[in-house]
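Worksheet: one structure, shown below.
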Amino acid sequence: MAPDPASEYVLELDSVSKFFGTVVALKDVTMRIRRGEVHCLLGDNGAGKSTLIKILAGVHPPSRGTYRVDAEPVAFDSPRDALDRGIATVYQDLALVPLMSVYRNFFLGREPMRTYGRIFRVFDRRLARQVASERLAEMGITVRDPEQAVGTMSGGERQCLAIARAIHFGARVLILDEPTAALGVKQSANVLRLIARARDKGISVIFITHNVHHAYPVGDTFTLLNRGQSMGTFKKSEISRDEVLNMMAGGQEMADLMSELGVRL
Amino acid sequence: MTDRSDDRVRQVSRLHRVMARPEATAIAGTALVFAIFLVTAGGSGMFALDGVINWSVVAGYLGILAVGACLLMIAGEFDLSIGSMIGFTGMVAAIPPLHMGWPVWLSMLVSLACALVLGFVNGQLVVRTGLPSFIVTLAFLFVLRGLTLAFSIIVADRTIVSGIGDLAERDPVVRLLFVGTVGDGLFGWMAQHGLIRALDDGTPLVRGIPKVLIWWTVLAAACSLSLTRTRFGNWIFAVGGDAGAAKNVGVPVRRVKVSLFMFTALCAWLFAMLQICDIGSAAADRGLQKEFEAVIAAVIGGCLLTGGYGSVIGACFGALLFGVVQVGITYTNINADWFRVFLGLMLLLAVLFNNQVRRRVTQTR
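So this is what it looks like as structure tokens:
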């Protein structure tokens, strides 16, 4: 699918709302993702981040409003439809099998095949090992051995593997659900570096997080969600880290908490 | 390693890597058992050609079941009904030719169809209800055994039917597939030239390689290659390792599991066909406890009970160890009752070892 170069945006949500029965999960959210930018989606728990990414990923259709891909309105029936348009989501569970090796996980469900004597179609393991190692190396991840079981990798390495896999299989837009949530400082830095590298390859990244310290260094644009509504989208030049922090529910809450606990600012 | 990576790498020795393979325990255990028997029964004829055939046939029968059980276990499921399935498919194949005049090949084909349907039902019940396969197939263990006994009485008025061996021998297709031995000419020639032991009339003591061993070898090779070298094999590991993750990347989890239930049923059928042709009769109580023996062989062979890890080669060594100990013990002065004690301990040892492997592989640092 050739991207329409006329459109500056790869994904657009226009006044999108989502209702679950009587619950308003999202209300009139407008969000535009540029080509090759890291767009951070910030918000506290319950702000509607999960619902928003599920709409983007094709899990839920919006109740109201329009969703456009390459300026063309879409109605996805399943995540498979979104994937066919190059929109890949890496969820927190990562969809990796711990007991299996790196290369087997990398190609799981999309194994490269080769044919022996015209009859036997077999899994081309040599190609799989080689491609998995190369792709991971390109993303700055060195695997000791592609035969290594994923279960022995650190959380950061696993996250990077899942991201590299999505990129290899043609993601133009990468939706990352809290990729740094369970990681230590150094591992988070590796994942952030990988996000920047994906952007350098021209991939648009939607980075969901509630950690401003992780979002601010790599983000180009920030959309803040609070209680199902967008509090606006800001370019990095328009907003400082502290402003982002304050606009998130957490900013005010934290200030209140500190005064409550008698901490002097 | 780049400076960015936050892992510390320890060089692992070659021995360590070999020991980390799933089949390592079974191969080491088999080697140990062979060493013990070479010392205690070396001169008893256990390692003469007829002795070797004796224990390898026991291993071969169990090996056919173990291959199926092993693949299913790697996919995260059990089938405890295979023992009853042996009795059932054997009777379905034997009664119609003897009591209704069917050709043997036809009744065997019908028997195969029954086995595949039973495997399909087992699998569908497990994947649709989400119940543990342990309990679903345990129910079938009893249901099938009971049905086999009841129907044998109704149709044939007995639970053991003999004479099927002669009919099988007269059916050219069945004879080719299941009856007798392979390489009789070669063995006869070797006997004539004094290379192997011959009877007084010049025919060899061992007429050839029993067909069960050929089946076992072919089946094990095909399954081992399928498991490690094909897309389907990759999916078997995935559905056993993490069914949710497998589903999320597009692996048809249910289809993989159901087809493996059908494959274990096919293995039970193969076991039964070879056995009725070999013994010459079928009985409703055949295959008793075979489901446990198959699980034991697979576990000794390095399969994790929780799925996602294991090897066909390992399961075959598990079956070999089983056969060697069961038959070998009769060549020694040791009372044969000790066989079960040894096997139980071997199983416990293997589970402890496998658990260690899993802990090492799944623990995040």
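Chains as they are written, first to last, in numbering that gives the first Met the number 0: chain W, 0 to 264; chain X, 0 to 364.
Positions of the beta carbon are idealized from the N, C-alpha and C atoms, including for glycine.
Only a predicted model underlies this, so the values are computations on that prediction, with no experimental measurement involved.
| Item | Value |
| --- | --- |
| Contacting positions in the region 304-329 of chain X - beta carbon closer than 7 angstroms to chain W | Gly307 and Tyr308 |
| Cut-off 8 angstroms between Cβ atoms - residues of its own chain near alanine 170/W, not counting five sequence neighbours on either side | Gly85, Ile86, Ala87 and Ile202 |
| Minimum Cβ-Cβ distance from valine 32/X to chain W less than 8 angstroms | no |
| Heavy atom of the ligand SAH within 7 angstroms of arginine 113/W beta-carbon | As far as ligands go, the structure on display features none, and thus does not contain the ligand SAH. |
| Secondary structure of aspartate 167/W, DSSP reduced to three states | Rather than aspartate, the amino acid found at residue 167/W in this sequence is histidine. Residue state, collapsed to three classes: helix. |
| Same chain, Cβ closer than 7 angstroms to alanine 318/X, five either side skipped, listed in chain order | Ala58, Leu61, Gly62, Ala65 and Ala296 |
| Alpha-carbon spacing of alanine 25/X relative to valine 125/X, whole angstroms | 30 angstroms |
| Proximity to glycine 306/X [Cα-Cα], best of Leu98/W, Glu36/W, Arg128/W and Val23/W | Leu98/W |
| Under the three-state DSSP convention, the category aspartate 6/X falls into | Reliability of the predicted coordinates at aspartate 6/X is poor, the pLDDT of 48 falling under 50, and the value obtained from them is presented with this limitation in mind. Of the three classes helix, strand and coil, the one that applies to aspartate 6/X here is coil, per DSSP. |
| Contact with chain W by glutamine 355/X, beta-carbon distance below 8 angstroms | no |
| Min CB distance arginine 125/W to chain X below 8 angstroms | no |
| Alanine 70/W vs threonine 50/W beta-carbon contact at 8 angstroms | no |
| Same chain only: Cβ atoms within 6 angstroms of glutamate 242/W, ignoring 5 sequence neighbours per side | none |
| Outcome for valine 184/W when other beta-carbon atoms lying within 10 angstroms are tallied against a minimum of 16 | exposed |
| Contact with chain W by aspartate 241/X, beta-carbon distance below 8 angstroms | yes |
| Arginine 128/W at chain X interface by Cβ criterion, 8 angstroms | no |
| Rounded separation between histidine 59/W and alanine 165/W - CA only | 21 angstroms |
| Residues sharing a beta bridge with threonine 65/W, DSSP | Asp13/W |
| Inter-residue spacing [alpha-carbon to alpha-carbon] between threonine 329/X and valine 356/X | 34 angstroms |
| Isoleucine 295/X: first and last residue of the uninterrupted alpha helix (DSSP H) it sits in | 289-299 |
| Leucine 287/X to proline 251/X span [Cα, whole Å] | 33 angstroms |
| One or two residues paired with glutamine 123/X in a DSSP bridge | Beta-bridge pairing links glutamine 123/X to no other residue. |
| Beta-carbon spacing of isoleucine 52/W, isoleucine 207/W below 8 angstroms | yes |
| Chain W within 8 angstroms of arginine 253/X, Cβ atoms only | no |
| Per-residue burial, histidine 212/W [other beta carbons within 10 Å of its own, 16 or more giving buried] | exposed |
| At least three beta-carbon pairs within less than 8 angstroms, the region 124-143 of chain X to the region 76-85 of chain X | yes |
| Span separating the alpha-carbon of tyrosine 102/W from that of proline 145/W | 5 angstroms |
| Closer than 8 angstroms to chain W by CB, glycine 249/X | yes |
| Rounded separation between isoleucine 375/X and threonine 114/W - CA only | Because chain X in this structure spans residues 0 to 364, residue 375/X falls outside the shown range and cannot be described. |
| Proximity winner among Ile32/W, Val204/W and Asp43/W, relative to methionine 247/W (alpha-carbon distances) | Asp43/W |
| Same chain, Cβ closer than 7 angstroms to phenylalanine 19/W, five either side skipped, listed in chain order | none |
| Rounded distance between the beta-carbons of isoleucine 194/W and valine 217/W, thought under 8 angstroms | 5 angstroms |
| Burial state of phenylalanine 119/W, where buried means 16 or more other Cβ atoms lie within 10 Å | exposed |
| Beta-carbon proximity check, alanine 219/X vs valine 311/X, cutoff 8 angstroms | yes |
| Beta-carbon spacing of leucine 12/W, tyrosine 90/W below 8 angstroms | no |
| Interface flag, lysine 113/W vs chain X, CB-CB below 8 angstroms | This sequence places arginine at residue 113/W; lysine is not what is there. False, the Cβ-Cβ gap to chain X never drops below 8 angstroms. |
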